[in-house]
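Residue numbers (mature numbering (1 follows the signal peptide of the UniProt record, and there is no 0)): -18 to -1, 1 to 482.
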């Protein structure tokens, strides 16, 4: 009888221990809070046209670490500076890979799959080449004459409108400026010398931003989503965009094969030489598709983000006349009566730099950083991140986090006056270029482009709204895509400040 009692007691203890261990293990491996989801589609029905805004609203209820099932893809979204720091710095090496493109999208975008390559020796070598040959401070300073030339063209063009007192489409003008600088600096040719005419190239760039950032069923349903993409026409439109991009790249290659008359090796010359020399990068030789992938990243990163930031900055300044007056006074007091602004002048424009940082806070060009994929397990706030989970950092939400920013919806450049927060990836409240191993390598190039373009437009011209329009009519609606631009183009009437 005593033996039966002892065995029963031992059995009960084992059950209690097993229950305790199971509970402890479940708590240790628990997943983040998650909204309820439907079969098959998961939480896709809760993602609207502007995903960063949809995810921001959901995070208000479910917290800064949120689990979603997007189709068949397990996804975690982080929406605070503290959780972003864990993803991008503390556990950077655990999740610095990229999700692979799948299905026919991968076949059609063979060089795009390379452009968004996983973390490996090949990717690191490509990044090294780009930083060394295109985005270094030395290289950025060497192309200053190109910026001077393109900005002068912009000033002359806007001056004509000021003389006629007609509105200027600043969204279009800023895009033209960045296209001109990027084409000349990267491809060694003038934008106006390309076979693609200006309007067509402008449309091509905009479509690339839209398609690369759009919902793709094959991304979330690997075993059959491609059918939906074909039925909706999305795949066909992507194919058309890719053909136009290929035509542009091939034209660049043909022009460089004919020889550089100035005898100076530009970035495309370098890449073509490395291809000819059969340079090995990581797991294989540099190919033509690798070159196109690099140029794709240059186009997306070098053109869209700078133009978008300048447009948003001018939009916010027009909505906040006090800030406009303050930044123009600073620029004009510093510059005096010069015909051209120098890099040394830019270094002294502290309020302008605050305006740009405040613009990045409210309007980061990439509101959701390009997704990462978990390579090895780790924890964020006690939640287990499983391998193959897709990770998003909602930079747009972080910029509006009341725990990080006072009065987050207000445009207040002065908030940067008494702190050392910058956009270099070490302050996780402000991440327009990302952080960690996947940080955008063109930080310096992009920042100087925005500073130089804005400073000149604010120095040379005063700006009025079109007739019949008041400040309250200025909208800040966003357009969907990989980089989120202003939905409606910014039209302003310039008035020449000084005649030189």
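All C-beta atoms in this analysis are idealised placements derived from N, C-alpha and C, irrespective of residue type, glycine included.
The alpha helix (DSSP H) runs of length 4 or more contained entirely in the region 226 to 289 are, from start to end of the chain, 249 to 258 and 270 to 281. For residue 380, no beta strand (DSSP E) run applies; the uninterrupted alpha helix (DSSP H) run containing it begins and ends at 377 to 380, by DSSP. By the Cβ neighbour-count rule, residue 21 is exposed, with fewer than 16 other Cβ atoms within 10 Å of its own. CA-to-CA, the gap between residue 122 and residue 415 works out to about 17 Å.
The alpha-carbon of residue 376 is positioned some 6 Å away from that of residue 349. Excluding the 5 residues flanking it on each side, residue 370 has same chain C-beta neighbours closer than 8 Å at 56, 355 and 356, in chain order. For residue 25, the CB contacts under 7 Å within the same chain, skipping 5 residues up- and downstream, are 17, 19, 50, 51 and 52 in chain order.
Of all alpha-carbon atoms in 276, 472 and 419, the one lying nearest the alpha-carbon of residue 300 is that of 472. The shortest CA-to-CA distance from residue 168 to any of 257, 117 and 131 is the one to 117.
DSSP places residue 57 in the uninterrupted beta strand (DSSP E) bounded by 55 to 60. Residue pairing by DSSP places residue 361 opposite 366 in a beta bridge.
Assignment of beta-bridge partners to residue 51 by DSSP yields 56.
With a threshold of 16 other beta carbon atoms within 10 Å, residue 72 falls short and is exposed. Between the alpha carbons of residue 379 and residue 413 lies a gap of roughly 11 Å. Residue 399 and residue 387 have their alpha carbons spaced roughly 13 Å apart. Minimum Cα-Cα distance from residue 289 among the listed residues 144, 467 and 221 corresponds to 467. For residue 348, the three-state secondary structure derived from DSSP is coil. When the beta-carbon positions are compared, residue 285 and residue 253 stay at least 9 Å from each other.
Between the beta-carbon of residue 346 and that of residue 381 there is about 6 Å, and that keeps the pair under the 8 Å contact cut. Just measuring C-alpha positions, the residue of 287, 145, 397 and 478 sitting nearest residue 422 is 287.
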